[in-house]
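Chains as they are written, first to last, in this note's numbering: chain A, 302 to 570; chain B, 703 to 986.
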């Protein structure tokens, strides 16, 4: 029993170390690829696959988040006679937390799964070895364009999710539940600052980086056979999901600390 | 050959005291055990041996796709096994590697597969007419001109291996490594691959290292045959030498004969009545 716990701990730390090295290589290579014309086409292709094709699912996610929040919170606020405050509640939740996190989770499923399956299949069919055998760095050719595409487009996709969340919340609150539109927007404007929107969007860089690096790592280290690829996809999604939640928690603390140090008075009020 | 002390200049590729171990949950497995060999320039060296004896692991060491646990690998007198991945990029351009299942990029057409190494190692392709002609020439060499726009999924196993060979020769390498080039092919298509290997050697004057367990292929293409068994070299010489080699394992392998021990294990392993059930056996 004790031996097994020790063995698993060592294995987990080893995997974490290997992932750390992979992520470091991926980060350095991606940085260089930003300024390389050769990687430009590959990155644009990945942006289309990862970003453009994810727009509909991310928008649908955002819209439902806004609508559900409106339905759930209306009764509580109406009971206290402050239903006009619904706007601020929905919009701050959407732009700061639920929009970014749920959009990232949706991307981890759609994009992360596809990346792991594609790279995992390439790994088991020796296509990654073939890239190396022809004198090309597979991290540069396969990983960097995917990391860059995720890193640059996740924040933009989060803006789409936020936008649809705001519209969805407005649609249910004003059009269906009959809250005064002017009051709805006035309270929203007073409660949601540019800082809140920026925090949500900045989270996207971290979420995108985590999704791409975890998914690519799982694809590169995938075990042989159909079972190996399936297992790698599952592990990639679970790890990305946990990383998103952990990053969200860490970034919430960091952003609060930054906010308090820049605007100490506002934070007390 | 194993006992001979090798110098780095003895062949185009020299492997000295190569040992490779893998660690898994059952412990440490030694796949290659103190292998020393010099690959001669312009010759075809065939590595034979039963499945799992370390042939593929060995050939991957020649291009440093695997790193040795111990030992050294030299290419044209320069040590390569300790180089970084970025330093190896230049070294690997001197090799062509034909993978067992072709390893063609399945999202690319045949044309795109063949220009992949060119595309990676040229700043920008300006003369597309020359590239078209080059791809046509390479595909003509393997008898597949006209297949430029096909996707790998629409090719047969033999055609995939031929396209893989065309891709391997795209950068005019000095050494071509073949990992089981005839496995999974019928005898006629196997012979086409054998003829191509001979053609590459004669027309391009390349050094070839071929891993196979197909003895017909080995006898036809080899200038030298090296037999691996349990991670060690047990026989090394020309086809005639191997045919007459006194080692029992060599004779069993080249004649495709099962050993007495294996046969005894099979007989003890179960009879038809114990091991083979039919659906009616489960009816109540």
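Glycine residues also receive a C-beta, built at the ideal position from the N, C-alpha and C atoms.
None of the values given here were measured: they were computed from a predicted structure.
Whole-number beta carbon distance between residue 929 of chain B and residue 739 of chain B, since they are thought to touch under 8 Å: With a Cβ gap of about 12 Å, residue 739 of chain B and residue 929 of chain B do not count as contacting.
Range of the contiguous alpha helix (DSSP H) that encloses residue 893 of chain B: 889-906
Spatial neighbours of residue 800 of chain B in its chain, beta-carbon cut-off 8 Å, leaving aside the 5 residues before and after: 863, 866, 867, 870, 878, 879, 880, 881, 883
Distance CB(residue 906 of chain B)-CB(residue 895 of chain B) smaller than 9 Å: no
Anticipated Cβ contact below 8 Å, residue 327 of chain A with residue 359 of chain A, distance rounded: The Cβ separation is near 23 Å, so there is no contact.
Length of the line joining the Cα atoms of residue 732 of chain B and residue 769 of chain B: 14 Å
is_contact[residue 819 of chain B, chain A] using C-beta, thresh 9 Å: yes
Rounded distance between the beta-carbons of residue 445 of chain A and residue 342 of chain A, thought under 8 Å: Incorrect: roughly 13 Å between the Cβ atoms, too far for contact.
Amino acids of chain B, ordered along the chain, whose beta-carbon sits closer than 9 Å to that of residue 430 of chain A: 762, 767, 799, 801, 805
contact_flag[the segment 826-841 of chain B, the segment 390-401 of chain A] where n(CB pairs < 8 Å) is 3 or more: no
N- and C-terminal bounds of the beta strand (DSSP E) containing residue 910 of chain B: 909-913
Under 9 Å between C-beta atoms of residue 798 of chain B and residue 719 of chain B: no
Run of the beta strand (DSSP E) containing residue 723 of chain B, from where it starts to where it stops: 715-726
Contact set between residue 794 of chain B and chain A, taken where Cβ atoms lie within less than 8 Å: 433, 434, 435, 436
Interface residues of chain A facing residue 788 of chain B [CB-CB closer than 8 Å]: 438
contact_flag[the segment 375-390 of chain A, the segment 461-481 of chain A] where n(CB pairs < 8 Å) is 3 or more: yes
Cutoff 9 Å: residue 461 of chain A Cβ touching any chain B Cβ: no
Local conformation of residue 729 of chain B per DSSP, three classes: strand
Nearest to residue 466 of chain A (by Cα), restricted to the options A/364, A/345, A/487: A/364
Beta-ladder partner(s) of residue 740 of chain B, from DSSP: B/716
9 Å Cβ cutoff met for residue 552 of chain A and residue 500 of chain A: yes
Whole-angstrom distance between residue 311 of chain A and residue 303 of chain A, CA atom to CA atom: 12 Å
Proximal chain A residues relative to residue 791 of chain B, where beta-carbon distance stays under 8 Å: 436, 437, 438
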